[in-house]
Amino acid sequence: MDKRQEKLNNLLDLLATRSCQPLSYTEKLELNHLLDEFPEYTPDYFEDIAALADSTMYVHDEQNLSSMPESTKKKIIKNFRSDNEGFSTLQIFKNIFQTPKLAWAMTCLLAIGTSMSMIEFRNYETNYRNLPVKKALLEISSDDLIEYNWFAQSNEFCDCSGKVIWSDDGQRGFITLAGLPMNDSSKNQYQIWIVDPNMHANPVDGGVFDIVTTESPTIIPINPKLPIGKAKGFAITLEQTGGVVISEQPLILTAPKERPQSTYGISQTTI
Amino acid sequence: MSRNVKNQANIDNKAAKKDVAILDLIAKDHPGSFEMLIEKYGNLVWSIGKKFLGNQSDLEDAVQEVLIAIWKSAGKFDPGKASEITFVSMIARRRFIDYLRKITKHKSEDSMDDDNNNIHLYKESLLNQETDLALVKSAIEELDADDQELLNLSVYQGYSHSEISDILNIPLGTVKTRIRRNLMKLKDAFATNKLQSNVIQLNNG
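As structure tokens, this is what we get:
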């Protein structure tokens with residue numbers, strides 16, 4: 257027998273042993289070395305036939321087959337379920353993204369959803385009908401929701417109405433407005449202010465917005481530029497396009513009606 | 102519907118469930134597929150585990166690990182390469198052998214005379230769906246009696262090669278060589294039988 261055939265027989269002996277029992281450390285090293293030399297063989301070369309022969313012996317001779325005790329079955333199922341509670345949802349998403357058609361569908365839905373949410377606050381005309389949903393969502397996610405009505409600070413805006421809905425914990429909220437005149441966004445924009453005297457000496461910029469129609473109410477999200485501790489009041493001014501850091505313009509609307517106590521840096525006419 | 106007919110319907114339903122391709126269901130994340138895996142292959146995995154480990158507490162842990170390993174690997178199952186039972190048995194044997202190495206326990210001498218409830222139904226189900234089992238059985242029967250005994254001791258009863266050498270009073274090298282040759286013969290015979298079976302199926306349309 258030539259040397260190569262001898263090595264091959266040795267490899268097959270080790271593979272046969274591996275399919276039936278654990279290999280010793282030296283046997284493993286030798287097997288790895290021989291597998292490098294005979295790359296056409298894999299470690300599981302005999303494992304399929306050994307497994308099949310094994311199953312055959314059980315299946316064809318029922319005396320050899322043991323029933324798993326019911327208590328063990330129940331225990332394994334219970335352990336499996338408790339270990340995989342969170343896995344199911346993950347698996348659903350995994351399955352979706354492993355199926356090309358579903359992945360595309362999901363991607364499209366996500367893209368549409370993202371676009372809708374971006375459009376949401378810009379599409380002022382249709383936005384108002386979603387108010388109950390927005391409020392409900394905010395209520396679900398926040399325990400500290402506050403709600404104020406807007407009050408005009410001059411007769412010019414006495415037809416304006418609307419609300420501020422805000423959560424300090426959530427650091428978010430929105431305003432509703434009706435009756436505010438349209439602005440020319442190339443020249444000026446309305447700006448929201450949040451009064452939090454305990455944390456900020458001056459009112460905090462809550463974002464700018466445009467009124468593009470007077471036929472229907474408008475909903476605008478509040479986007480504070482600084483963290484808010486406890487909002488005591490809100491105001492709206494008309495500023496240069498893009499807004500300002502500190503306002504010198506007269507107040508158009510405030511919420512609540514009475515100016516909060518200890519509102520540092522804020523006067524009747526300027527913010 | 103009379104009670105007998107109803108019972109028969111339940112039995113048929115049970116048998117039908119057992120014939121389902123479980124690994125495919127697991128791969129598709131079918132609800133209850135793990136329970137179905139245990140229902141169909143639990144006894145086989147338990148029996149293989151018992152052969153390797155014997156000890157009840159180790160056995161329970163190991164069987165759980167094996168079943169979860171099968172469940173996790175279901176997506177890798179390719180029916181074109183192996184039958185479901187081969188895939189399950191391969192994972193089970195490999196895992197139990199690894200487990201045995203880890204815990205370095207000796208094979209139990211316990212008898213296997215447990216409660217055998219439902220085994221008949223289980224056995225019938227596997228025989229019906231797994232033609233591979235019949236083919237490999239035929240290949241085993243082609244071996245001579247001594248080789249069948251050797252295979253029985255090593256593959257089925259799980260004796261180590263050195264234990265077989267002691268039992269049969271033959272040199273260890275001879276045991277290794279004969280086991281390797283027997284497995285090789287089985288592999289070749291199975292492949293030939295499988296090919297013939299496929300040709301017959303093709304000819305029968």
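Protein chains in written order, with this note's numbering: chain H, 257 to 527; chain E, 102 to 306.
A virtual CB, placed ideally from N, CA and C, is assigned to each residue, including glycine.
query                                                                                                                              : result
Residue range of the beta strand (DSSP E) that includes A491 (chain H)                                                             : 489 to 496
Closer than 8 Å to chain H by CB, K151 (chain E)                                                                                   : yes
For M374 (chain H), the three-state DSSP class (helix, strand or coil)                                                             : Low per-residue confidence applies at M374 (chain H): pLDDT is 45, beneath 50, and the placement is therefore not dependable, though the value from the model is reported in the following sentence. M374 (chain H) falls in the helix class under three-state DSSP.
Start and end residues, beta strand (DSSP E) containing A251 (chain H)                                                             : A query on residue 251 (chain H) cannot be resolved here, the shown segment of chain H reaching from 257 to 527 and no further.
Cβ pair count under 8 Å reaching 3, the segment 278 to 293 of chain H against the segment 165 to 180 of chain E                    : no
Beta-carbon proximity of A511 (chain H) to Y446 (chain H), cut-off 8 Å                                                             : no
Contact set between N335 (chain H) and chain E, taken where Cβ atoms lie within less than 8 Å                                      : Q165
Cut-off 8 Å between Cβ atoms - residues of its own chain near P299 (chain H), not counting five sequence neighbours on either side : L271, R274, L287, L291
Assigned exposure category for K151 (chain E) - 16 Cβ within 10 Å defines buried                                                   : buried
Near the ligand SAM: Y260 (chain E) beta-carbon under 7 Å from a heavy atom                                                        : With respect to the ligand SAM, the structure shown offers nothing to examine, as it has no ligands at all.
Buried versus exposed, by CB contacts within 10 Å (16 or more), P483 (chain H)                                                     : exposed
Nearest-angstrom Cα separation, counted from E303 (chain H) out to K203 (chain E)                                                  : 19 Å
Within 9 Å of chain E by C-beta, residues of the segment 275 to 307 of chain H in sequence order                                   : S275, C276, Q277, P278, L279, D300, Y301, F302, E303, D304, I305, A306, A307
For L257 (chain E), three-class secondary structure by DSSP                                                                        : The sequence as given places Tyr at residue 257 (chain E); Leu does not occur at that position. Here Y257 (chain E) sits in helix by DSSP.
Residue-chain proximity (L284 (chain E), chain H), Cβ-Cβ < 8 Å                                                                     : yes
Coil, strand or helix - T470 (chain H) by DSSP                                                                                     : coil
Continuous alpha helix (DSSP H) assignments of at least 4 residues falling wholly in the segment 266 to 343 of chain H             : 281 to 293, 303 to 316, 326 to 339
Run of the alpha helix (DSSP H) containing L145 (chain E), from where it starts to where it stops                                  : 134 to 154
Closest Cα partner of E140 (chain E) within the set E:L154, E:S158, E:L168                                                         : E:L168
Cα-Cα separation, T312 (chain H) to M324 (chain H)                                                                                 : 18 Å
Interface positions of the segment 124 to 144 of chain E facing chain H (Cβ-Cβ less than 7 Å), listed along the chain              : D130, F135, E136, I139, G143, N144
Beta carbon of A408 (chain H) nearer than 8 Å to that of L509 (chain H)                                                            : yes
Where the alpha helix (DSSP H) containing S263 (chain E) begins and where it ends                                                  : 262 to 269
Given F494 (chain H) as reference, the closest of H:D339, H:I502, H:A487 once Cα atoms are compared                                : Just to set this straight, residue 494 (chain H) is Leu in the shown sequence, not Phe. Per the Cα distances, H:I502.
C-beta neighbour in chain H for D233 (chain E), strict 8 Å                                                                         : yes
Buried or exposed (CB count within 10 angstroms, at least 16 for buried), R337 (chain H)                                           : exposed
Contact with chain H by T278 (chain E), beta-carbon distance below 8 Å                                                             : yes
CA-to-CA distance, K259 (chain H) to A122 (chain E), given in whole angstroms                                                      : 46 Å
Presumed contact (8 Å Cβ cut-off) between Y257 (chain E) and D310 (chain H), rounded CB distance                                   : 6 Å
Within chain H, the residues that A319 (chain E) reaches when beta carbons sit closer than 7 Å                                     : Absent from the structure is residue 319 (chain E), since the part of chain E shown begins at 102 and ends at 306.
Exposure of L160 (chain E), with buried meaning 16 or more beta-carbon neighbours within 10 Å                                      : buried
Which listed residue (E:S239, E:D247, E:A128, E:V237) has its alpha carbon closest to that of A170 (chain E)                       : E:A128
Contact set between K259 (chain H) and chain C, taken where Cβ atoms lie within less than 7 Å                                      : Absent from the structure: chain C. Protein chains present are H and E.
Cβ of S190 (chain E) within 8 Å of any chain H Cβ                                                                                  : yes
Spatial distance of I265 (chain E) from L154 (chain E) (CA atoms)                                                                  : 18 Å
Chain H contact for R195 (chain E) (CB, 8 Å cutoff)                                                                                : yes
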